[in-house]
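Residue numbers (the numbering used here): -18 to 271. Step one of this worksheet: look at the structure below.
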Amino acid sequence: MNTALVNEILTSRLMMAQQGVNQITDILSDARKNKPVSASALVDWAESTVNNLSKADSSVLILPIIGVMTKYARYDWSSDNLDFIIPGIDDIATVIDIAQNSNKIKGVVLLMNTPGGSVQSWIRIEESLRKRVKPCVAVVEGMCASAGMYVASFCDRIVALNSTCQVGSIGVMAELLDSSEAEKEMGLRFIEVYPPESSWKNRPYRDALKGNTETLIEEELSPLAKHFQNIIRQNRTIDETIEGVLSGRVFYADAAIKAGLIDGIMTLQDAISLVGSISDERAEITNTIY
-18 MNTALVNEIL TSRLMMAQQG VNQITDILSD ARKNKPVSAS ALVDWAESTV NNLSKADSSV
42 LILPIIGVMT KYARYDWSSD NLDFIIPGID DIATVIDIAQ NSNKIKGVVL LMNTPGGSVQ
102 SWIRIEESLR KRVKPCVAVV EGMCASAGMY VASFCDRIVA LNSTCQVGSI GVMAELLDSS
162 EAEKEMGLRF IEVYPPESSW KNRPYRDALK GNTETLIEEE LSPLAKHFQN IIRQNRTIDE
222 TIEGVLSGRV FYADAAIKAG LIDGIMTLQD AISLVGSISD ERAEITNTIY
């Protein structure tokens, strides 16, 4: 795999890979030159780049989902340029829709290295992936966990770049901070007042902070966890005899293949070719039907 390609992936956030004889086109360098400084700029750049492709049905769109998944765009505080904004998953969904409506894009690769993120982050992209007609392959470059696995499960295939990639963590959790002791030390006292008409407002969290987590688990966490499990069951053929496969366990790639979480290990270039193969197979089926 071309090292320069990997560097472009990490720096550009969005790029096109032109199908050809072992060739990644100059669109990669264009991505670096036009590095977006806002989520809207990302979408505008994607539209103009797709429209400027010279050949119909010839390119694979590569969309990195890297880091914590959030619904909306956020500042990249790790960057020297604090004006740079990391696109939210909603922005990625919008670009997927652009690709679906373009006759110049053959399919999509989601390049994933994420520990997961917020539940809200997957709502729009789930819709985009459900209604798509073009092939989509998820490629794990490091980790695809939790919400990342939820999203990846809607792709035609999930593959890892090598055997040390980690996959899974199918589950949910809530983390609450009890700052009451620290507030006391600072001489602060916060008082929350609820009228009888709002007696259930925030109750699961209020009860949890008092040590009773039952309501939070029953009302919010368990329903969401069951939904997550059912989505994976619908989208993947999982070996549920493997302990923890649907309850938060994380697997290295070889074990993830055995569990049914991913389909194999291959290079990024092979994954791009796989998108093309799936697209060609579907075209043949369509031609046969009609």
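Think of the CB as a built atom: it goes at the ideal place given N, C-alpha and C, for glycine as much as any other residue. All figures in this text were calculated on a predicted structure; none of them were measured in a lab.
Query                                                                                           : Result
Minimum C-alpha distance to Thr292 - residue among Val41, Asp71, Asn32                          : It is not possible to answer for residue 292, since the shown part of the chain is limited to -18 through 271.
One or two residues paired with Ile246 in a DSSP bridge                                         : Ala141
Unbroken alpha helix (DSSP H) run spanning Gln210, endpoints                                    : 203 to 216
Residue interval of the alpha helix (DSSP H) (run including Pro45)                              : It is not in any alpha helix (DSSP H) - Pro45 instead sits in the beta strand (DSSP E) that spans 40 to 47.
Cβ-Cβ separation, Thr95 to Met124 (assumed contact under 8 Å), whole Å                          : 6 Å
Test item: CB-CB of Arg105 and Val118 under 9 Å                                                 : no
Three-state class that DSSP yields for Thr95 in the structure shown                             : strand
Coil, strand or helix - Ala119 by DSSP                                                          : strand
Local Cβ density within 10 Å of Tyr131, reported as buried at 16 or more and exposed below that : buried
Burial state of Arg13 (16 or more Cβ within 10 Å)                                               : In this predicted model, Arg13 has a pLDDT of only 38, less than 50, meaning its place in the structure is not dependable; the value taken from the coordinates is given anyway. Classification of Arg13: exposed, given that the 10 Å Cβ count is below 16.
As assigned by DSSP and simplified to three states, the class of Asn3                           : Confidence in Asn3 is poor, its pLDDT being 28 and thus under 50, which makes the residue's placement unreliable; the coordinate value appears in the next sentence. Asn3: coil per DSSP, three-state reduction.
Assigned exposure category for Pro204 - 16 Cβ within 10 Å defines buried                        : exposed
Val231 - containing beta strand (DSSP E), residue span                                          : 231 to 233
Alpha helix (DSSP H) segments (min. 4 residues) lying fully within the stretch 152 to 179       : 161 to 166
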